[in-house]
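Quick mapping for you: the protein sequence lines, in order, are chains Z and E. When the letters of the first sequence are read in order and numbered with full-length UniProt numbering, they come out as residues 1 to 427. When the letters of the second sequence are read in order and numbered with full-length UniProt numbering, they come out as residues 1 to 427. Since the structure comes first, as structure tokens, the remarks are kept for the end.
There are 2 protein chains.
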Amino acid sequence: MAERAGQAEKTTPAESRAPERERGMSRRRLLGTAGAVGAAGLVVGGAGGALAAEAARETPAELAGVGAGTVPFHGKHQAGIADPAQAHGHLLAFDLAPGADRRAAAALLRRWSATAAELMAGEAPKGDDTGIALDAGPSSLTVTFGFGRTFFDRTGLVSKRPVALEPLPVFTADALDAKRGEGDLWVQVGADDPLVSFHALRVLQKQAGDAARPRWQMNGFNRTPGATAKPMTGRNLMGQIDGTNNPKPADPDFAARVFVPDDSGDWMAGGSYAVVRRIRMLLDSWDHLSLERQEKVIGRRKSDGAPLSGGTETTPVDLEKFGADGSLAIAGDAHVRVAAPESNRGAAMLRRAFNFHDGYRDDGAPDAGLLFVAWQADPRRGFVPVQRKLDRGDGLSRFLSHESSGLYAVPGGCAPGEYVGQRLLEG
Amino acid sequence: MAERAGQAEKTTPAESRAPERERGMSRRRLLGTAGAVGAAGLVVGGAGGALAAEAARETPAELAGVGAGTVPFHGKHQAGIADPAQAHGHLLAFDLAPGADRRAAAALLRRWSATAAELMAGEAPKGDDTGIALDAGPSSLTVTFGFGRTFFDRTGLVSKRPVALEPLPVFTADALDAKRGEGDLWVQVGADDPLVSFHALRVLQKQAGDAARPRWQMNGFNRTPGATAKPMTGRNLMGQIDGTNNPKPADPDFAARVFVPDDSGDWMAGGSYAVVRRIRMLLDSWDHLSLERQEKVIGRRKSDGAPLSGGTETTPVDLEKFGADGSLAIAGDAHVRVAAPESNRGAAMLRRAFNFHDGYRDDGAPDAGLLFVAWQADPRRGFVPVQRKLDRGDGLSRFLSHESSGLYAVPGGCAPGEYVGQRLLEG
């Protein structure tokens with residue numbers, strides 16, 4: 001299979017979403033490295049049949065802004081993992097329809113893969129199109145596919161179910177709604193334009209046809225590219241800078257933490273495991289805390305994300321430092337202490353989340369928080385030990401409610417002509 | 001009261017959301033015309049107390065992208081009407097709490113107006129802040145306040161209730177949920193960054209305190225600035241270019257159509273009336289139509305919005321033109337024909353809508369469509385006659401479900417030191 005270019009290329013989408021004065025350069029670099037895919041990205045929007053023919057005449061000669069961002073679909077890993085989270089995300093799970101078998105699932109993954117490749121390149125999806133994304137560029141669209149535990153039962157593939165896909169333990173803070181969690185198939189869509197992302201979601205949902213039915217669907221968001229003067233770590237709806245300690249693609253152990261090793265020899269080589277949780281924030285309670293109390297709960301300054309042990313946002317957290325009053329600078333139950341790899345035998349995951357806000361609950365509280373998506377080579381050495389620790393000792397946990405949960409085996413990427421999951425479904 | 005600068009300035013926000021290569025110029029022009037407000041816009045994000053003091057040190061020296069867009073709060077008209085719709089919008093209605101009287105309502109509008117002015121200038125809201133908007137610029141934030149019919153009963157101001165605020169007629173296509181419509185107070189928030197708009201919504205909702213309680217709240221979106229190569233009329237979730245025939249601020253009759261005349265002599269001078277409807281699109285039925293059928297239903301080409309009578313998007317629709325086969329080029333029940341001012345004795349309104357997508361309904365259909373917001377000097381010469389006509393003869397109406405409705409009296413803008421609605425509440 002084709003090797004997608006390495007870290008250098010994978011960071012390009014991040015750069016293409018940087019403030020505009022840096023974006024022209026990034027766009028050129030993208031075209032230089034991504035070749036035909038980048039060029040195809042200039043044929044924006046897209047629509048089927050007669051609409052596509054007309055649209056081609058109207059295609060803008062050049063995109064320079066948010067629309068120009070292009071992430072390649074084909075490669076060693078799927079997109080939507082190591083590239084930065086976009087401004088808009090949709091998470092969606094499907095259950096296979098009664099009677100849909102391994103063959104039907106394979107046909108669906110083949111359809112979805114072909115369409116995702118077209119959409120991410122800014123091309124028209126084959127067949128009739130809704131036209132919703134016309135005029136806009138691909139806007140860093142990514143589509144990612146995964147398999148839930150139940151998929152293997154329903155397709156007669158239990159013998160190939162990875163042991164890493166064992167059910168997550170029950171945590172004391174969980175208040176899970178199974179109807180909004182789990183599912184046979186999981187799809188993650190992200191883009192920097194909300195009509196581009198909705199378009200992709202709609203096309204993929206319609207292509208499921210009779211083979212699979214939506215089980216749950218959630219919408220999320222992050223900062224719009226260019227809203228800050230320079231690229232910055234995003235904030236969550238508690239106002240906190242969130243993601244500073246995330247593994248970086250340039251880290252020497254990034255691939256080992258996030259992706260299943262090439263030499264694993266099974267169909268998941270190059271893949272990753274996604275833990276997906278709707279975590280509602282109890283914002284009314286949180287906002288009642290003083291700034292000082294909030295910062296103690298997190299262990300970082302709210303203004304700039306610097307650890308309370310000193311320095312700037314990117315200064316490593318010093319868990320041993322004591323303040324002038326003789327107490328720990330980072331409290332014993334501070335979130336950054338309990339979540340730190342040092343506190344969890346090195347366990348770490350790549351969090352790539354979206355904020356969500358679905359209005360108000362009947363009790364008057366905002367129905368808002370984090371669509372937590374965490375990536376790791378093995379959840380038993382990533383999410384599970386960290387969440388066990390957080391569940392017991394994190395001062396932040398009393399301001400959170402975990403409302404849904406899913407764990408998905410996300411296979412490696414595919415080469416042109418192949419489809420995601422082919423090594424499982426035809427292996 | 002202060003006169004906000006006229007059309008030339010009001011178009012600035014549109015330009016500041018134009019593709020990036022045009023944005024630097026617009027930003028300078030904005031600073032040139034908006035003076036202190038524009039300069040304050042550079043002090044971005046904002047937070048209360050200690051957080052604000054720290055944030056000031058971290059303030060980026062210059063914003064050049066989406067974040068830099070600034071719309072003045074003070075002026076003859078409220079913001080969020082004649083300026084272009086942003087990428088993110090929140091619509092929110094409140095009911096006054098039991099016991100809250102005219103004095104409490106006045107205090108709330110005073111708080112809200114002061115906070116909206118701060119947030120729109122990119123300053124910190126007074127008092128504790130959540131920090132959600134820190135780092136980002138004002139991102140063309142606007143906040144708009146209006147009064148529903150019931151507000152006047154609850155505040156003893158029935159004698160001042162405008163006759164134009166009479167209940168809208170019942171239309172045959174209506175399937176209205178009163179719990180998601182109407183309301184004593186209406187707030188519209190829009191910004192090009194979703195965290196900036198959520199932040200404003202959250203601050204305003206918290207400031208309602210004991211005086212008013214949320215009745216309903218909806219979230220919507222439009223294209224992200226820069227997703228297209230040049231600024232274009234937006235598309236809706238049917239894929240159709242939507243808003244071509246909207247009155248333009250440069251039109252000689254724009255103010256007369258949209259705003260209550262200065263010489264009306266009452267508290268609504270300079271104000272406008274907003275009709276707000278959640279219009280769900282029956283997308284599964286719509287998508288089953290061929291492209292040709294869709295275009296006949298609308299009366300425009302989907303690819304570029306050109307009327308079926310010929311020309312380009314901006315060519316006036318020729319309702320009298322016949323095709324080669326002897327039939328009308330624009331069908332008798334085409335949406336553009338039935339909605340045209342020529343078909344409604346000149347009645348027109350300014351539509352400034354957001355798309356919405358709230359996942360899937362229990363029946364499997366997408367819960368998506370248009371948060372329709374229409375502005376006019378008098379709904380009896382705007383929305384009402386047009387919707388009466390559409391209700392009877394529009395081929396599009398069988399693909400739409402009107403699920404909620406509200407009509408709000410939106411007063412004129414205010415000068416620094418005043419608040420929106422002061423002439424009503426203290427008149």
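Glycine residues also receive a C-beta, built at the ideal position from the N, C-alpha and C atoms. Owing to the predicted nature of the structure, the values given are computational and were not obtained by experimental measurement.
Do you know how far the Cα of residue j is from the Cα of residue i?
i: residue 2/E; j: residue 351/E; result: Because the pLDDT at residue 2/E is just 40, under 50, the model does not fix this residue reliably, and the value given afterwards should be weighed accordingly. So the alpha carbons of these two residues sit roughly 27 Å apart.
i: residue 330/Z; j: residue 196/E; result: 30 Å
i: residue 225/E; j: residue 65/Z; result: 8 Å
i: residue 168/E; j: residue 270/E; result: 22 Å
i: residue 444/E; j: residue 412/E; result: Missing from the structure shown is residue 444/E; chain E here goes from 1 to 427 and no further.
i: residue 262/Z; j: residue 250/Z; result: 19 Å
i: residue 428/E; j: residue 347/E; result: Nothing can be reported for residue 428/E: it is not among the residues displayed for chain E, which extend from 1 to 427.
i: residue 201/Z; j: residue 189/Z; result: 7 Å
i: residue 57/Z; j: residue 303/E; result: Note that residue 57/Z scores a pLDDT of 36, beneath 50, so its modelled location is shaky; the value from the coordinates is reported in the next line. Rounded to the nearest angstrom, the two C-alpha atoms are 9 Å apart.
i: residue 63/Z; j: residue 326/Z; result: 57 Å
i: residue 155/E; j: residue 403/E; result: 28 Å
i: residue 123/E; j: residue 143/E; result: 14 Å
i: residue 162/E; j: residue 374/E; result: 18 Å
i: residue 279/E; j: residue 408/E; result: 17 Å
i: residue 316/E; j: residue 343/E; result: 14 Å
i: residue 48/Z; j: residue 137/Z; result: Here the model assigns residue 48/Z a pLDDT of 37, short of 50, so the residue's position is not dependable, and the following value carries that caveat. C-alpha separation (whole angstroms): 16 Å.
i: residue 387/Z; j: residue 125/E; result: 35 Å
i: residue 192/Z; j: residue 158/E; result: 47 Å
i: residue 176/E; j: residue 276/E; result: 12 Å
i: residue 160/E; j: residue 108/E; result: 19 Å
i: residue 314/Z; j: residue 234/Z; result: 14 Å
i: residue 284/Z; j: residue 390/E; result: 44 Å
i: residue 395/Z; j: residue 139/Z; result: 38 Å
i: residue 362/E; j: residue 207/Z; result: 19 Å
Would you identify the three-state DSSP class for residue i, choosing helix, strand or coil?
i: residue 102/Z; result: helix
i: residue 352/Z; result: coil
i: residue 403/Z; result: strand
i: residue 385/E; result: helix
i: residue 174/Z; result: strand
i: residue 32/E; result: Confidence is the limiting factor: at residue 32/E the pLDDT is only 28, short of 50, which leaves the residue's position unreliable and the question unanswerable from this model.
i: residue 73/E; result: coil
i: residue 420/E; result: coil
i: residue 379/E; result: helix
i: residue 185/E; result: strand
i: residue 143/E; result: strand
i: residue 446/E; result: A question about residue 446/E goes unanswered here, because the residues of chain E that appear run from 1 up to 427.
i: residue 393/E; result: helix
i: residue 336/Z; result: helix
i: residue 191/E; result: strand
i: residue 317/E; result: coil
i: residue 117/E; result: helix
i: residue 208/E; result: helix
i: residue 107/E; result: helix
Name, in chain order, the residues that DSSP records as bridge partners for residue i.
i: residue 213/Z; result: 95/Z
i: residue 505/E; result: Nothing about residue 505/E can be reported from this structure: the residues present for chain E run from 1 to 427 only.
i: residue 366/Z; result: 360/Z
i: residue 64/E; result: In DSSP, residue 64/E forms no bridge with anything.
i: residue 410/Z; result: 272/Z
i: residue 168/E; result: Residue 168/E pairs with nothing; no bridge assigned.
i: residue 136/E; result: 228/Z
i: residue 322/E; result: 328/E
i: residue 148/Z; result: 408/Z
i: residue 346/Z; result: Partner(s): none; residue 346/Z has no beta bridge.
Is any beta-carbon of chain B found at less than 7 Å from that of residue i?
i: residue 217/Z; result: Here the protein chains are Z and E, and chain B is not one of them.
key: Touch test, the segment 340-359 of chain Z against the segment 236-249 of chain Z, Cβ-Cβ under 8 Å, three pairs minimum   = They touch, by the three-pair rule.
ask   = Mind pulling the alpha helix (DSSP H) runs of 4 or more residues that sit fully within the segment 226-314 of chain Z?
value = 254-258, 283-288, 291-298
task = Count the C-beta pairs between the segment 379-396 of chain E and the segment 102-121 of chain Z that are closer than 8 Å, then say yes if the count reaches three, no if not.
result = no
message = Any contact between the segment 171-186 of chain E and the segment 91-104 of chain E? By contact I mean 3 or more CB pairs, one from each, below 8 Å.
response = yes
query = Can at least three beta-carbon pairs, one atom from the segment 156-176 of chain Z and one from the segment 71-83 of chain Z, be found at a separation below 8 Å?
reply = no
task = Would you check if the segment 331-344 of chain E and the segment 282-300 of chain E touch, i.e. whether three or more CB-CB distances between them fall below 8 Å?
result = yes
message = Any contact between the segment 97-112 of chain Z and the segment 227-238 of chain Z? By contact I mean 3 or more CB pairs, one from each, below 8 Å.
response = no
Contact the segment 308-322 of chain E vs the segment 208-225 of chain E: 3+ CB pairs below 8 Å = no
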